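Peer 1: Okay, handing you the structure first.
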Amino acid sequence: AKECGRNQFYFFNEQMQSEAEKVAELCNALQFAIENREFELHYQPLVCAKTHRILNVEALVRWRHQGKLIMPDEFIPVAEASGLIIELGRRVRLEAMKTLLDFHALGIDVSMSVNVSTFEFWSHDLQSCLISSIINSGNELKPDGFPYHKLTLEITESLLMKEQVHLVNSLNKLRELGIQIAIDDFGTGYSSLSYLKEFPVDTIKIDKSFIRDVQDQKQAALLTAIVALSRALNLKVTVEGIETCLQLAFVSEKNVDFIQGYFFHRPLEKDALFEVLTANLKG
Ligand code: C2E
Ligand code: CA
Ligand code: CA
Ligand code: CA
Numbered sequence: 096a097k098e099c100g101r102n103q104f105y106f107f108n109e110q111m112q113s114e115a116e117k118v119a120e121l122c123n124a125l126q127f128a129i130e131n132r133e134f135e136l137h138y139q140p141l142v143c144a145k146t147h148r149i150l151n152v153e154a155l156v157r158w159r160h161q162g163k164l165i166m167p168d169e170f171i172p173v174a175e176a177s178g179l180i181i182e183l184g185r186r187v188r189l190e191a192m193k194t195l196l197d198f199h200a201l202g203i204d205v206s207m208s209v210n211v212s213t214f215e216f217w218s219h220d221l222q223s224c225l226i227s228s229i230i231n232s233g234n235e236l237k238p239d240g241f242p243y244h245k246l247t248l249e250i251t252e253s254l255l256m257k258e259q260v261h262l263v264n265s266l267n268k269l270r271e272l273g274i275q276i277a278i279d280d281f282g283t284g285y286s287s288l289s290y291l292k293e294f295p296v297d298t299i300k301i302d303k304s305f306i307r308d309v310q311d312q313k314q315a316a317l318l319t320a321i322v323a324l325s326r327a328l329n330l331k332v333t334v335e336g337i338e339t340c341l342q343l344a345f346v347s348e349k350n351v352d353f354i355q356g357y358f359f360h361r362p363l364e365k366d367a368l369f370e371v372l373t374a375n376l377k378g
């Protein structure tokens, strides 16, 4: 048994070694990808729960690498661990803001949501960073005239558990500009609900795990309770991950504000989004 244990130990070690090598390789590739602009944004609409009109689009980053499209779950964790997320996040926000202005210039009134990593909040002052990237954008964006109220930053619940004072200050500064704050993946963290009264947020985005199985009584009860809680606190509610008619019928009864999911729209490239938004305005 001892020997077996030892073998397992060696095996485990080798695995860890190759994992570490893989991470290091990925890290190098990411650095290169940032320099070579291999990242692109796709945009997934959020529709009004009542009219099904598109009110907002969420920017989701993809990595176009050697002909393949790599999804964020595969590289965001490494980008965070290596600190590259700072530069990646900056570029994502800049591109998303440019897209927002492009659409406004075409007479399309829509809002933009951008995901912000926990790590970015810890490591710098996001408000100053946002303004300086606007200033450094080569005059395409202008800090004074920017429609900040059309910008939502999505942060995850896990962020809210740490460095509370710093975070409250940071969120307040963003909201002074008019930027909206949404709590993403709501209901999946382990923190206490008291942060809803501590933190200045506008929207709760209920995690897709809460609508996966609409027949599940407990799940339905939780969803109803979260919506009621949000209403009591004057927060807007988004439900994500709506894929089926049945799920749509279920959430339509729940008095939510925004719905997002493959049932309506998948994440789209900018050109395809433009078509959809144009049709949406006419329709
Ligand atoms: P998220 O912010 O919770 O985004 C929702 C994810 O669910 C997206 O995956 C989206 O494509 C997917 N989704 C949308 N509708 C449906 C549906 O009806 N059913 C199902 N099963 N899935 C749906 P994606 O694009 O792979 O992004 C994964 C995660 O990566 C995001 O989760 C977000 O946490 C992170 N991420 C994406 N872009 C960025 C970024 O620019 N910066 C940072 N920091 N994180 C990002
Ligand atoms: Ca999100
Ligand atoms: Ca989410
Ligand atoms: Ca997520």
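With our numbering applied, the sequence shown covers 96 to 378. All C-beta atoms in this analysis are idealised placements derived from N, C-alpha and C, irrespective of residue type, glycine included. No experiment lies behind these values; they were computed from the predicted model shown.
With contact counted as at least three CB pairs below 8 Å, one residue from each stretch, are the region 225-233 and the region 137-145 in contact?
Peer 2: Because the criterion of three Cβ pairs below 8 Å is not met, the region 225-233 and the region 137-145 do not touch.
Peer 1: List the whole-angstrom C-beta distance separating I354 from A191, where the pair is believed to meet the contact cut-off of C-beta under 8 Å.
Peer 2: At roughly 21 Å, the Cβ-Cβ gap does not stay under 8 Å, so I354 and A191 are not in contact.
Peer 1: Please report the distance separating the alpha-carbon of I226 from that of P238.
Peer 2: Rounded to whole angstroms, I226 to P238 spans 6 Å at the Cα level.
Peer 1: So, does the region 342-359 touch the region 115-132, judging by three or more C-beta pairs under 8 Å?
Peer 2: With a cut-off of 8 Å, the region 115-132 and the region 342-359 do not count as touching, because too few Cβ pairs lie within range.
Peer 1: Let me confirm a value: Q112 is counted as buried when at least 16 other C-beta atoms fall within 10 Å, else exposed. Which label applies?
Peer 2: It counts as exposed.
Peer 1: Would you identify the three-state DSSP class for Q112, choosing helix, strand or coil?
Peer 2: Helix at Q112.
Peer 1: May I have the straight-line CA-CA distance separating P242 from R185, to the nearest angstrom?
Peer 2: Roughly 18 Å between the two C-alpha positions.
Peer 1: When DSSP builds the beta bridges, which residues end up paired with E153?
Peer 2: E153 is bridged to Q139 and S208.
Peer 1: What number of angstroms, rounded off, separates the C-alpha of S325 from the C-alpha of D279?
Peer 2: Roughly 14 Å between the two C-alpha positions.
Peer 1: Relative to the alpha-carbon of F281, which residue among V263, G273, V322 and I229 has its alpha-carbon at the smallest distance?
Peer 2: Closest option to F281, Cα to Cα, is V322.
Peer 1: Is Y357 close to ligand 1? I mean its beta-carbon at under 8 Å from any heavy atom of the ligand.
Peer 2: Because some heavy atom of ligand 1 lies under 8 Å away, the Cβ of Y357 counts as near it: yes.
Peer 1: Give the straight-line distance between the Cα atoms of G100 and W158, rounded to the nearest whole angstrom.
Peer 2: Below a pLDDT of 50, predicted positions are generally treated as unreliable, and G100, at 47, falls in that range; the measurement from the model is reported next regardless. Approximately 40 Å, taken between the alpha carbons.
Peer 1: Quick check: the Cα distance between V209 and L195, rounded to an integer number of angstroms?
Peer 2: Looking at the two C-alpha atoms, the distance is approximately 11 Å.
Peer 1: Relative to the alpha-carbon of L328, which residue among G284, R132 and S289 has its alpha-carbon at the smallest distance?
Peer 2: Cα-wise, what sits closest to L328 is S289.
Peer 1: Using a 10 Å radius around the Cβ and a threshold of 16 neighbouring Cβ atoms, would you call R148 buried or exposed?
Peer 2: Answer is exposed; the Cβ neighbour count stays below 16.
Peer 1: Among residues of its own chain, excluding the 5 on either side of L368, which ones have a beta-carbon nearer than 7 Å to its beta-carbon?
Peer 2: Y138 and V152.
Peer 1: Please find out if some non-hydrogen atom of ligand 2 comes closer than 8 Å to the beta-carbon of E249.
Peer 2: True, at least one ligand heavy atom lies under 8 Å from that Cβ.
Peer 1: For D366, does the three-state DSSP call read helix, strand or coil?
Peer 2: Residue state, collapsed to three classes: helix.
Peer 1: Label L164 either buried or exposed according to how many other C-beta atoms from any shown protein chain fall within 10 Å of its C-beta, with 16 as the threshold for buried.
Peer 2: Per the 10 Å Cβ criterion, exposed.
Peer 1: Quick one, which of S347, L221 and I171 has its alpha-carbon nearest E271's?
Peer 2: Measuring from the Cα of E271, the nearest candidate turns out to be L221.
Peer 1: Do you know offhand how far E98's Cα is from P172's?
Peer 2: Interpretation of E98 is limited by its pLDDT of 46, a score under 50 that renders its predicted location unreliable; the figure taken from the coordinates is listed afterwards. Taking the straight line from one Cα to the other gives about 36 Å.
Peer 1: What's the call for M166, buried or exposed, on a 16-neighbour Cβ count within 10 Å?
Peer 2: Counting Cβ neighbours within 10 Å, M166 comes out exposed, since fewer than 16 surround it.
Peer 1: Since F294 and L266 should fall inside the 8 Å C-beta cutoff, what is the C-beta to C-beta distance between them, to a whole number of angstroms?
Peer 2: That pair is a contact at about 6 Å.
Peer 1: Based on Cα-Cα distance, which residue from S177, D204, V211 and T146 lies nearest to V156?
Peer 2: Per the Cα distances, V211.
Peer 1: What residues does ligand 3 have around it, judged by CB closer than 7 Å to any heavy atom, in chain order?
Peer 2: Those residues are D279, D280, K300, D302, K303 and E335, given in chain order.
Peer 1: For I250, name the three-state secondary structure that DSSP assigns.
Peer 2: In this structure, I250 counts as strand in the three-state DSSP scheme.
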